[in-house]
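Visitor: Below is one structure. I have some questions about it.
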Amino acid sequence: MIGNIHSIETLGTVDGPGIRYIVFTQGCLLRCQFCHNPDTWEIGTGKQMSVSDIIDDLKSYLPFFEASGGGITVSGGEPLLQIPFITELFKECKKLGIHTTIDSSGGCYSSNPHFHQQLKELLSYTDLILLDLKQIDREKHKQLTGLTNDHILEFARFLSDHKVPIWVRHVLVPGTTDDKEDLKKLGEFISTLNNVNKVEILPYHKLGVYKWEALGLEYQLKDVETPTEEAVKEAYDLLTAKLKLNA
142 MIGNIHSIET LGTVDGPGIR YIVFTQGCLL RCQFCHNPDT WEIGTGKQMS VSDIIDDLKS
202 YLPFFEASGG GITVSGGEPL LQIPFITELF KECKKLGIHT TIDSSGGCYS SNPHFHQQLK
262 ELLSYTDLIL LDLKQIDREK HKQLTGLTND HILEFARFLS DHKVPIWVRH VLVPGTTDDK
322 EDLKKLGEFI STLNNVNKVE ILPYHKLGVY KWEALGLEYQ LKDVETPTEE AVKEAYDLLT
382 AKLKLNA
């Protein structure tokens, strides 16, 4: 089984529990204004790697996983564009006792029965989803990412119905995703889910601006600064006000 891979990061510490081996897949349907990996957008490109290529490399990091409670995280791009590949990869990881995580926006989620069948199989080998919920307002979400959020919220409900543990992630962009009423509404939505183990606020940063420039793309948030610690705390409090976190 071959996948289209953008890059691999070893010894990551911010994309799931413990020390992580992070596989960035190539291809995404969203066009987030704050994306720090716009070079992962194009579908069907990237480096072609087999499951065995990744597993052979991954094995050398097993002691780090065991010592820290870590494992593998597949990010992107959007991993769910390559479900058959990720499924085969996670099957092999489970043979080695490795904790498996997917970092997804749900941007390609579909109610298509064939997609559901593939997704359910993948989730049977998945320990955790890092779910990126970017904006609760439908029109603001479309302006921010290029797509509405109907299917993304449906994906969140699907994961809740199937009791797949999630960490909710929200990128806090001053003037764009920090409106208090939007945060309250997003918090109310999150509180309806029964599978939330953690909520993370990811402060906006400009570390990926050089990639936009290299690709000849206009970066619309160049005048936006990183949010303050107080703003991050307030956003977290609003998102978790009605939430009962799972143990």
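Just so you know, we're using the numbering used here here: the sequence shown kicks off at 142 and counts up by one. Where is the CB? At the ideal position from N, CA and C, for every residue including glycine.
Applying the 10 Å Cβ sphere with the 16-neighbour rule, what's the burial state of Ala208?
Guide: Locating residue 208 in the sequence shown gives position 67, where the first residue counts as 1. Classification of Ala208: exposed, given that the 10 Å Cβ count is below 16.
Visitor: Got a sec? Which residues, its chain only, sit under 6 Å from His177 by beta carbon, not counting five neighbours each side?
Guide: For the purposes of this step, residue 177 is taken as residue 36 along the sequence shown, with counting starting at 1. Excluding residues within five positions, the ones whose Cβ falls inside 6 Å are Leu348, Gly349.
Visitor: Look at the alpha carbon of Thr242 and the alpha carbon of Cys169, and state the distance between them as a whole number of angstroms.
Guide: Residue 242 sits at position 101 when you count from the first residue of the sequence shown. Residue 169 sits at position 28 when you count from the first residue of the sequence shown. So the two alpha carbons sit approximately 18 Å from each other.
Visitor: Quick one: Cα of Asp198 to Cα of Ala382, how far?
Guide: Counting from one through the sequence shown, the residue named residue 198 turns up at place 57. Counting from one through the sequence shown, the residue named residue 382 turns up at place 241. The straight-line gap from Cα to Cα measures roughly 42 Å.
Visitor: When DSSP labels each residue in this structure, what does Asp244 get in the three-state scheme?
Guide: The sequence position of residue 244 within the sequence shown is 103, counting from 1. In this structure, Asp244 counts as strand in the three-state DSSP scheme.
Visitor: By the three-class DSSP mapping on this structure, what secondary structure does Phe175 have?
Guide: By one-based count along the sequence shown, residue 175 stands at place 34. Three-state result, Phe175: coil.
Visitor: My assumption, with CB atoms under 8 Å, is that His240 sits in contact with Gly218. Please give the rounded CB distance.
Guide: As a working mapping, residue 240 is identified with position 99 in the sequence shown. As a working mapping, residue 218 is identified with position 77 in the sequence shown. Their Cβ separation, rounded to whole angstroms, is 21 Å, which puts His240 and Gly218 out of contact at 8 Å.
Visitor: With distance defined between alpha-carbon atoms, name the residue in Ala376, Phe299, Lys374, Gly248 nearest to Thr289.
Guide: Taking the first residue of the sequence shown as 1, we reach residue 289 at position 148. Among Ala376, Phe299, Lys374, Gly248, the Cα nearest to that of Thr289 is on Gly248.
Visitor: Taking the Cβ atom as the reference point for each residue, do Asp180 and Lys352 lie within a distance shorter than 7 Å?
Guide: Position 39 of the sequence shown holds residue 180. Position 211 of the sequence shown holds residue 352. Yes, the pair counts as a contact, with Cβ atoms nearer than the cut-off.
Visitor: Return the bridge partner residues of Asn145 from the DSSP annotation.
Guide: Here residue 145 corresponds to residue number 4 of the sequence shown, with the count starting at 1. Partner(s): Gln189.
Visitor: Roughly how many angstroms lie between the CA atoms of Val365 and Ser193, to the nearest whole one?
Guide: Counting from 1 along the sequence shown, the entry for residue 365 is found at position 224. Counting from 1 along the sequence shown, the entry for residue 193 is found at position 52. Near 42 Å, if we compare the C-alpha coordinates of Ser193 and Val365.
Visitor: First and last residue of the alpha helix (DSSP H) that includes Asp378?
Guide: Taking the first residue of the sequence shown as 1, we reach residue 378 at position 237. Per DSSP, Asp378 belongs to the alpha helix (DSSP H) from 370 to 381.
Visitor: Using a Cβ-Cβ cut-off of 7 Å (strictly less than) and excluding sequence neighbours within five positions of Asn338, which residues of its own chain qualify?
Guide: For the purposes of this step, residue 338 is taken as the residue at position 197 of the sequence shown. Closer than 7 Å at the Cβ level, and outside the excluded window around Asn338, lie Pro306, Ile307, Trp308, Leu386, Asn387.
Visitor: Do the CB positions of Ile160 and Phe205 come within less than 7 Å of each other?
Guide: Residue mapping note: residue 160 aligns to position 19 of the sequence shown, counting from 1. Residue mapping note: residue 205 aligns to position 64 of the sequence shown, counting from 1. Closer than 7 Å, so yes.
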